[in-house]
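Everything on this sheet refers to the single structure shown next.
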C-alpha cells in the first residue's frame, strides 16, 4: 500500500489514507522482436495483458533490434527506468525511461562490454536503485571466451556466463564494468531484493552437464559485492529461468519462466528460506516470456489505462 497524507474537511487535521497498489509485469513474447508488453494484477496471482496483448514500445537499438528480458523500476527521480537485452550476440544493452509507461524517451544502447574483445553477449540486464546512495546499479550476464574453463561445456553453444555490473547516477555516465557474481557455475538471470540489512540475489544456475537449470539465492550485506555461495534450488524438477520477485501481502513470491513447458511458474515463502510451489495458483497471458514484476499505485495505473485506450 501507498500511504497518502490529506487534510480532513471535518477535523482540519492531517490524516493518513492508504492507496491501493497494482502489480505490473513487463515481459516479452516470441524472440522479443515486437517489443515491450505489460500485464497487470490486483492480487499478485492472476495477470491480464494490457493494450489487448499488443506491444507498447518497438525496439530500435542494437543490430537485431530485440527487446528481451525487459526490466522496469521506478527510480528516485520518479521516472520509470527500463533496461533490456537487445541481441543474442552484442556487447551492450538497451535503455529508455518514461514518466507514464506509455511515452518513452529515445532508446539508448549502452556498450557495457565493448572493452572486452572476447565478450560474446550481454544478457538479461536488470537495474536496481540504491536510495541511500542515490545510485543505480545495472547488472547482467556475459560469456567471455576462455574464462572459467572449470565450468566450460560444449552444450548450450558453449556459453559460460558470469555476472557483471556498472553503476550510474544519471544513465549518462557510468562506472567501469566490474565482476558482480562468480558462484562457481554458469550463472544468468540475476535479480535483487533487499530485506532488512541484507541483499538477496536470485539467479539461475545455467549448468548443463549435469543439468541444473534452476533458481537459487545468494546473500550479501553489500549491494555490489560479497554474495556468498548460492543455496539449494528453490524451484522444482522442471527447467526455470528469469526469476522476478515481489511481496504479496507478507509473502515473498518468485515468478519465473518454465521455458521448456511454455508456461510461467511461481514459488512462495514467508522467510526467504522455505519455499512452496504455487505454479497452479498463478495465471499469465498466453505467450508470456519472463520479465520483471513491479508495483505502482492505483492512480498511476488508472492513468496508464486511460492513455492506452
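Residue numbers (the numbering used here): -6 to 302. Backbone N, C-alpha and C define an ideal beta-carbon position, used for all residues, glycine too.
- Here residue 149 carries a helix assignment [DSSP, helix/strand/coil].
- Taking 3 residues as the shortest admissible run, the region 90 to 135 contains the following complete beta strand (DSSP E) segments, listed from N- to C-terminal end: 101 to 103 and 116 to 123.
- Across the structure, residue 160 and residue 180 are spaced so that their CA atoms are roughly 20 Å apart.
- Just so you know, the alpha carbons of residue 109 and residue 46 end up roughly 38 Å apart.
- For residue 14 and residue 296, the gap between their C-alpha atoms comes out near 13 Å.
- Distance from residue 213 to residue 221 at the Cβ level is roughly 7 Å; contact confirmed, criterion being Cβ atoms closer than 8 Å.
- When the Cα atoms are used, residue 229 and residue 165 turn out to be separated by approximately 41 Å.
- Residue 140 and residue 102 have their C-alpha atoms some 25 Å from each other.
- Residue pairing from DSSP places residue 65 in a beta bridge opposite 75.
- Each residue's CA atom was taken as its position, placing residue 256 and residue 28 some 19 Å apart.
- Residue 299: member of the alpha helix (DSSP H) spanning 291 to 301, first to last residue.
- Shown here, residue 235 sits in a strand according to DSSP, grouped into three states.
- With contacts defined by Cβ atoms closer than 8 Å, residue 130 and residue 217 form a contacting pair.
- In the structure shown, residue 37 adopts coil according to DSSP, grouped into three states.
- The DSSP-derived three-state label of residue 253 is coil.
- Across the structure, residue 289 and residue 150 are spaced so that their CA atoms are roughly 39 Å apart.
- For residue 60, the closest C-alpha among the options 31, 69 and 40 is that of 31.
- Cβ-Cβ separation between residue 79 and residue 52: approximately 7 Å, consistent with a contact (criterion under 8 Å).
- The criterion of a C-beta distance shorter than 8 Å is satisfied by residue 253 and residue 232.
- By the Cβ-count criterion, residue 172 is exposed, with fewer than 16 other Cβ atoms from all chains shown falling within 10 Å of its own Cβ.
- Between residue 143 and residue 115 the beta-carbon gap is near 23 Å, outside 8 Å, which marks them as no contact.
- The alpha carbon of residue 113 has as its nearest neighbour, out of 96, 136 and 119, the alpha carbon of 136.
- A residue is called buried once 16 or more other Cβ atoms fall within 10 Å of its Cβ, and residue 24, having fewer, is exposed.
- CA-CA distance, residue 128 to residue 119, rounds to 14 Å.
- In the DSSP assignment, the residues bridged to residue 287 are 17.
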